[in-house]
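Accompanying notes for the structure given below.
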Amino acid sequence: MRLGILGGTFDPVHLGHTALATAAADALSLDTVLFIPNACPPHKPGRTLTPYEHRVKMLELALADCPVGELCEMEAGTDAPHYTIDTIHALKAARGGDDEYFLILGSDEAADFPSWRGPDRILAEVAVAVAPRVGCDMNAIENPDIFRILSVEVPDISSTEIRKKAASKSGLEQLVHPGVAGYLLTHHLYE
Numbered sequence: 153m154r155l156g157i158l159g160g161t162f163d164p165v166h167l168g169h170t171a172l173a174t175a176a177a178d179a180l181s182l183d184t185v186l187f188i189p190n191a192c193p194p195h196k197p198g199r200t201l202t203p204y205e206h207r208v209k210m211l212e213l214a215l216a217d218c219p220v221g222e223l224c225e226m227e228a229g230t231d232a233p234h235y236t237i238d239t240i241h242a243l244k245a246a247r248g249g250d251d252e253y254f255l256i257l258g259s260d261e262a263a264d265f266p267s268w269r270g271p272d273r274i275l276a277e278v279a280v281a282v283a284p285r286v287g288c289d290m291n292a293i294e295n296p297d298i299f300r301i302l303s304v305e306v307p308d309i310s311s312t313e314i315r316k317k318a319a320s321k322s323g324l325e326q327l328v329h330p331g332v333a334g335y336l337l338t339h340h341l342y343e
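Heads up: the sequence shown is residues 153 to 343, going by the working numbering.
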């Protein structure tokens with residue numbers, strides 16, 4: 153199988169995430185894109201995240217309408233930072249076989265890639281595909297030749313923007329799946 157890996161805090165998951173997964177699946181002929189919510193992201197120290205269980209439930213709702221998306225909770229229950237290279241090794245160990253993996257990043261993440269733990273080891277294990285993100289200069293990416301740059305258009309949506317709109321209880325319709333909007337309002341997330 154050809155598998156995409158899309159990790160993140162998904163706080164909350166939004167239509168940009170699912171559009172990226174669908175576009176990457178089309179561009180790379182992927183069978184599935186694994187959405188892996190970070191339980192304890194090392195790149196966001198000190199930031200208070202919505203509890204993992206809520207983020208997983210919102211992912212379940214959003215992925216109901218994303219045929220290529222599959223929730224993978226391999227980081228559940230960990231309180232220690234889990235790095236991408238560790239996730240890749242654990243995923244390969246758990247799945248076994250001859251799967252081919254593609255780590256999917258936005259261009260903002262690709263610009264930070266050299267500072268990640270073991271970037272050379274990541275590149276030795278998986279192909280890394282990068283989607284341009286509005287407002288992120290592709291020239292900020294150091295050594296772009298190591299990545300497969302995707303020619304895809306992804307909606308310019310940010311989780312930060314959604315959290316602000318959720319606090320005012322308006323304007324979520326064009327940003328998140330309807331089930332996610334209902335869930336975050338029902339559970340008073342981001343208020």
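Each residue gets a CB set at the ideal place from its N, CA and C atoms; glycine is no exception.
For His-340 and His-329, the gap between their C-alpha atoms comes out near 16 Å. For the set Ala-171, Val-185, Ile-274, the Cα lying nearest the Cα of Ala-262 is the one of Ile-274. Note on Arg-269: under 16 other CB atoms within 10 angstroms of its CB, so exposed under the neighbour-count rule. Around the beta carbon of Asn-291, fewer than 16 other beta carbons sit within 10 angstroms, so the residue counts as exposed. Buried is the label assigned to Asp-163, since at least 16 other Cβ atoms lie within 10 Å of its Cβ. DSSP places Thr-184 inside the beta strand (DSSP E), whose first and last residues are 184 to 189.
The region 212 to 232 and the region 182 to 196 touch, with no fewer than 3 CB-CB distances between them shorter than 8 Å. Contact between Arg-300 and Gly-258 is absent: CB atoms are separated by about 14 Å, not below the 8 Å threshold. Val-278 sits away from Leu-172, with the two beta carbons spaced by 9 Å or more.
In this structure, the alpha-carbon of Val-282 lies about 32 Å from that of Leu-337. In the displayed model, Val-304 falls within coil according to three-state DSSP, outside both helix and strand.
Taking C-beta atoms as the reference points, Lys-244 and Tyr-253 count as a pair closer than 9 Å. In the DSSP annotation of this structure, the continuous segment of the alpha helix (DSSP H) that includes Glu-313 starts and ends at 311 to 320.
In the three-state reduction of the DSSP assignment, Ile-293 falls in the coil class.
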